Structures are given as structure tokens and as C-alpha cells.
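The block underneath contains the structure these notes are about, expressed in C-alpha cells.
Number of protein chains: 2
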Amino acid sequence: MARKTGSHSEITGPRIRAAALKLFARHGFAAVSMRQIAAEVGVQAGALYLYTPDKETLLFDLLKEHMDELIAAWEAEPRGASPRERLEAFVRFHIRFNLERPDAVFLSYMELRNLGPGNFAAIEALRRDYENRLEAILSEGQAAGTFAAPDTKLATLAIIAMLTGVNTWYREGGRLSRDRVGDIYWDMVRKSVAA
Amino acid sequence: MARKTGSHSEITGPRIRAAALKLFARHGFAAVSMRQIAAEVGVQAGALYLYTPDKETLLFDLLKEHMDELIAAWEAEPRGASPRERLEAFVRFHIRFNLERPDAVFLSYMELRNLGPGNFAAIEALRRDYENRLEAILSEGQAAGTFAAPDTKLATLAIIAMLTGVNTWYREGGRLSRDRVGDIYWDMVRKSVAA
DNA sequence: AGAGTATCTGAACGCACGTTCAATACAATC
DNA sequence: GATTGTATTGAACGTGCGTTCAGATACTCT
Numbered sequence: 001m002a003r004k005t006g007s008h009s010e011i012t013g014p015r016i017r018a019a020a021l022k023l024f025a026r027h028g029f030a031a032v033s034m035r036q037i038a039a040e041v042g043v044q045a046g047a048l049y050l051y052t053p054d055k056e057t058l059l060f061d062l063l064k065e066h067m068d069e070l071i072a073a074w075e076a077e078p079r080g081a082s083p084r085e086r087l088e089a090f091v092r093f094h095i096r097f098n099l100e101r102p103d104a105v106f107l108s109y110m111e112l113r114n115l116g117p118g119n120f121a122a123i124e125a126l127r128r129d130y131e132n133r134l135e136a137i138l139s140e141g142q143a144a145g146t147f148a149a150p151d152t153k154l155a156t157l158a159i160i161a162m163l164t165g166v167n168t169w170y171r172e173g174g175r176l177s178r179d180r181v182g183d184i185y186w187d188m189v190r191k192s193v194a195a
Numbered sequence: 001m002a003r004k005t006g007s008h009s010e011i012t013g014p015r016i017r018a019a020a021l022k023l024f025a026r027h028g029f030a031a032v033s034m035r036q037i038a039a040e041v042g043v044q045a046g047a048l049y050l051y052t053p054d055k056e057t058l059l060f061d062l063l064k065e066h067m068d069e070l071i072a073a074w075e076a077e078p079r080g081a082s083p084r085e086r087l088e089a090f091v092r093f094h095i096r097f098n099l100e101r102p103d104a105v106f107l108s109y110m111e112l113r114n115l116g117p118g119n120f121a122a123i124e125a126l127r128r129d130y131e132n133r134l135e136a137i138l139s140e141g142q143a144a145g146t147f148a149a150p151d152t153k154l155a156t157l158a159i160i161a162m163l164t165g166v167n168t169w170y171r172e173g174g175r176l177s178r179d180r181v182g183d184i185y186w187d188m189v190r191k192s193v194a195a
């Protein structure tokens with residue numbers, strides 16, 4: 001028995017990636033077998049190799065796609081007029097974007113070590129690219145006298161760590177809405193680099 | 001051939017835990033085999049079971065020990081007179097303590113999901129205990145008018161995420177000393193919750 | 001209707017896994 | 001120097017791993 005009905009290649013590929021994303025995030029890359037991913041999709045393990053050359057590449061593609069989307073989404077965001085407005089937009093964007101993709105965010109922070117050196121470097125470069133966009137905002141504000149961070153590079157890393165941390169505790173339907181969380185974090189970030 | 005010379009039980013146990021900590025942090029719990037740990041220690045895989053009932057318990061013991069040490073070390077820290085002094089002490093303590101144990105910190109944030117429900121709950125409780133100590137400081141300062149965090153619970157989580165993030169980028173011999181990093185983060189934390 | 005192509009199955013490959021345990025080697029005690 | 005107890009080996013258990021591939025199936029095109 002092979003396919004049941006219809007042409008599936010355009011649907012199986014995304015389903016494999018979705019299943020892999022979910023399972024890798026839940027149990028960790030090394031703890032998830034190709035057979036588990038296949039079972040989640042409703043297919044035999046061998047069929048996965050029509051869509052990926054190997055397990056590591058499957059992980060890499062997920063991480064790469066996530067980082068590309070992150071940067072593209074930030075680029076598409078309306079650009080604030082002042083450094084202060086741009087920083088506020090960044091804070092709210094980062095929280096909102098990450099809360100919409102908890103599995104991909106989790107993977108991006110936890111499973112980099114399962115990549116070979118070349119793939120690792122590619123993802124790291126994208127991460128640094130994203131960080132640099134925040135640092136540029138802080139530097140501009142610093143030059144304009146709006147901000148007074150003791151060290152813009154460290155402020156960049158500190159702010160991103162703080163914002164990404166929201167994903168570890170936020171639960172849908174909890175005591176705070178996403179917008180309210182954005183308000184609270186913006187207040188803290190704003191003050192932390194205030195002049 | 002069994003032992004080479006001398007009585008080893010008091011030395012093999014700690015060596016197993018040290019090897020497991022290093023390898024788990026480097027490659028992830030699921031990706032490390034009992035045979036690899038044994039090889040690192042210079043012993044056969046079967047010998048590990050003299051010191052741990054199974055692999056998960058080995059991980060749990062590492063995490064538990066780390067959390068116990070963390071809380072005990074904070075308890076032993078001199079207690080500042082004011083909320084502001086206590087917060088500064090917390091910031092500097094957290095950075096210093098975590099930078100001294102990067103592997104254990106990494107494990108504590110990444111491998112909780114490999115614990116069974118009971119073990120998981122035990123570690124989570126200790127983590128919450130630690131967080132509550134910071135939140136208590138913020139609440140006191142809030143009541144005294146020293147701090148004006150929009151939400152002490154979120155400020156707690158934000159500060160801890162920010163501080164723990166230092167471990168992801170700090171490298172010995174880099175451009176900043178540990179003390180200087182403490183200064184910079186204390187400046188940002190102080191301002192972020194300032195009245 | 002028939003050929004060709006894309007998609008998938010099912011079995012197999014060699015290898016490594018966590019764990020157990022009888023046998024063994026050594027150290028300490030008498 | 002024999003006895004006892006502890007620390008360790010080395011082989012084995014059944015299971016599951018990532019990956020490959022010949023063959024089967026269902027769809028498309030003529």
C-alpha cells in the first residue's frame with residue numbers, strides 16, 4: 001500500500017516540518033527519532049527522506065526558516081521616528097513575534113549544539129544580524145542623548161535575554177494579556193537604558 | 001582485570017558526576033550515552049550503576065545539587081540593610097555564582113524536560129523558591145517607595161532572565177572583567193525598577 | 001488503455017543504546 | 001596467607017536508532 005488518494009508531496013513536506021518542530025521542541029532533537037516524526041505525520045520513516053537528506057538538515061531548515069522570518073518580520077515593521085520609538089517598537093515586536101512561535105524560539109535557543117560547524121555558523125550569523133539591529137537603535141539613542149546605557153553591546157544582550165524570557169513563563173489565558181506584558185516590559189526596558 | 005590500585009569508591013563517584021555534568025552540558029542529556037560517561041572516567045559502563053540507579057537519576061542529582069548550592073550560597077551572602085542594597089547584592093551574586101558553574105546553569109535551563117514528573121516538580125519548586133527571594137526584595141522596595149516596578153512578579157522573571165543571559169556570551173579573558181559586568185548589569189537593573 | 005512518474009511502503013543494514021549480572025581482582029582484616 | 005567484602009569487568013539482553021532501497025501503488029499525460 002502506498003498513497004491513499006491524491007497528490008501529497010505539497011502537503012507532506014510541511015507536515016513533516018511541523019511534526020518535527022513540535023517534537024523537537026517538546027523532547028529535544030536527540031530524543032526524537034525519525035520514526036516518531038513519521039508516525040506523527042502518518043507515514044513510514046523512509047518517506048521522510050523524500051523531503052530531507054538527513055535528520056540534522058531537517059533541524060537546520062527549521063532554525064534557518066525561523067531566523068529568516070524573524071528578520072523579515074522586523075524589517076516589515078513600521079520604523080519609528082526616534083530612537084525611543086524604535087526601541088519601543090522592537091520591544092513590543094520581539095515579545096509578540098516570539099509568543100506566536102514558542103516551539104521555534106525554544107529550538108533556536110536549545111538545539112544549536114546539534115548542528116555541524118557550518119550550519120551552526122549560519123544560524124549564529126543570523127542571530128548576530130538581528131542583535132545588531134537592536135544595538136544600532138541603542139547606539140543612535142546614545143548619540144542623541146536619549147539613552148545612557150553603560151555599554152550598548154551588553155544592553156543589547158541584556159534586553160534580548162529579558163524579552164525572550166517571556167516565552168518561558170507566558171501562558172495563554174493567564175493573568176496578563178500579551179499587550180499588557182508588552183507594556184510592562186517596555187516600561188522596564190525604557191528605564192533600564194534611560195539617560 | 002578489575003581495579004588497578006587502591007580503594008576507589010570515594011573518588012569514582014564524584015568523577016562520574018563531573019564527567020556527566022560536562023558531557024550533558026556539552027552535548028545534551030539524550031545525546032550522551034552511559035558508555036561515553038564511563039569512558040571519560042576510565043571505567044566500564046556497568047560500573048556506573050554502583051553509583052546511580054539509572055541515567056535520569058544521575059541528571060536529577062546534578063540539578064538538585066546545583067539548586068541546593070545556589071540557594072545555600074545566597075543564604076550565606078551578607079544581607080544588605082536596605083532593599084536597594086539587597087537588590088544590588090542579588091544582582092552581583094547571581095552573575096558571580098552562575099559564571100562559576102556554567103555547565104550546571106546550562107543543564108538547569110535545558111534538561112528539565114528529561115526529568116520524570118516527580119523529579120521535575122522538585123527542581124521547579126527549588127527554582128521558584130529562589131525566584132521568591134528576589135521577588136521579596138522587590139516587594140519590600142516597592143512598599144518602601146524605593147522601587148516602582150509595574151509588576152514585581154514580572155520584574156523578578158525579567159531580571160533573572162537578563163542576569164542568567166550573561167552565561168551565554170561571557171568568555172574568560174574577554175573585554176570585560178566579571179566585576180565590570182556586575183557593575184553594568186547593576187546599573188541597568190537598578191534603573192529598570194527605579195521609582 | 002497504457003506508459004511514465006511521483007509518492008510511499010516494508011524490510012533490511014549495521015550499530016549503539018540502557019541495563020543486568022556472574023565472574024574476577026584487589027584491599028583490608030585476622 | 002587465608003578469608004571476607006568492595007569495586008570493577010566484560011559479555012550479554014532485547015530494543016531502537018538513522019538510513020537505504022527495491023518494489024508497490026496511485027496519479028497524470030497521451
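Chains as they are written, first to last, in full-length UniProt numbering: chain A, 1 to 195; chain B, 1 to 195. Even for Gly, the Cβ is constructed at its ideal location relative to N, Cα and C. Just so it is clear, the structure is predicted and the values come from calculations on it, not from any experiment.
Notebook entry, point to check: Could one say the Cβ of residue 200(B) lies closer than 8 Å to chain A's Cβ atoms, at least one of them?
Noted result: Residue 200(B) is absent from the structure shown; chain B starts at 1 and stops at 195.
Next item on the list: Report the option in 90(A), 38(A) and 121(A) whose CA atom is closest to the CA atom of residue 76(A).
Entry: Put simply, of 90(A), 38(A) and 121(A) the residue whose alpha carbon is nearest the alpha carbon of residue 76(A) is 90(A).
Item checked: Through-space distance from residue 123(B) to residue 68(B), alpha-carbon basis -> 10 Å
Check: Hey, does residue 31(B) have any beta-carbon neighbour from chain A nearer than 8 Å?
Finding: yes
Item checked: Neighbouring residues, chain B, relative to residue 191(A) (Cβ below 7 Å) -> 191, 192 and 194
Next item on the list: State the start and end residues of the unbroken alpha helix (DSSP H) segment that holds residue 151(B).
Entry: Here residue 151(B) belongs to no alpha helix (DSSP H), and DSSP marks it neither H nor E.
Note to self: Would residue 2(A) pass as an interface residue toward chain B - the criterion being a Cβ-Cβ separation below 8 Å?
What the structure shows: Interpretation of residue 2(A) is limited by its pLDDT of 40, a score under 50 that renders its predicted location unreliable; the figure taken from the coordinates is listed afterwards. Not one chain B Cβ lies under 8 Å of residue 2(A).
Margin query: So, does the region 84-104 of chain B touch the region 177-192 of chain B, judging by three or more C-beta pairs under 8 Å?
Written below: yes
Item checked: Where residue 1(A) falls, given that 16 or more other Cβ within 10 Å makes a residue buried -> Below a pLDDT of 50, predicted positions are generally treated as unreliable, and residue 1(A), at 38, falls in that range; no measurement from the model is reported.
Notebook entry, point to check: Does the separation of the CB atoms of residue 138(B) and residue 149(B) fall below 8 Å?
Noted result: yes
Margin query: I'd like to confirm the pairing. Which residues does DSSP put opposite residue 194(B) in its beta bridges?
Written below: 147(B)
Next item on the list: Could you check what DSSP says for residue 30(B) in three-state terms: helix, strand or coil?
Entry: coil
Margin query: Please classify residue 186(B) as buried or exposed, where buried requires at least 16 neighbouring CB atoms within 10 angstroms.
Written below: buried
Check: Three or more C-beta pairs closer than 8 Å, one from the region 121-135 of chain A and one from the region 129-136 of chain B: is that the case here?
Finding: No contact exists between the region 121-135 of chain A and the region 129-136 of chain B.
Note to self: Counting only C-beta atoms, is residue 51(B) closer than 8 Å to chain A at any point?
What the structure shows: No, residue 51(B) does not count as interfacial toward chain A.
Notebook entry, point to check: Rounded to a whole number of angstroms, what is the C-alpha to C-alpha distance between residue 38(A) and residue 64(A)?
Noted result: 22 Å
Note to self: the ligand GDP and residue 67(B): does the residue's C-beta get closer than 7 Å to at least one heavy atom of that ligand?
What the structure shows: Absence of the ligand GDP from the depicted structure is noted, as is the absence of any ligand whatsoever, leaving it without description.
Check: Hey, quick one: how far does the alpha helix (DSSP H) through residue 47(A) stretch, first residue to last?
Finding: It is not in any alpha helix (DSSP H) - residue 47(A) carries neither H nor E in the DSSP assignment.
Item checked: With 16 other Cβ atoms within 10 Å as the buried cut-off, status of residue 10(B) -> Answer is exposed; the Cβ neighbour count stays below 16.
Next item on the list: Check whether the Cβ atoms of residue 32(B) and residue 15(B) lie closer than 8 Å to each other.
Entry: no
Margin query: Going by DSSP in three states, residue 54(B) sits in which element: helix, strand or coil?
Written below: coil
Margin query: Less than 8 Å between C-beta atoms, sequence neighbours within five positions excluded: which residues of the same chain meet that for residue 112(B)?
Written below: 63, 120, 123 and 124
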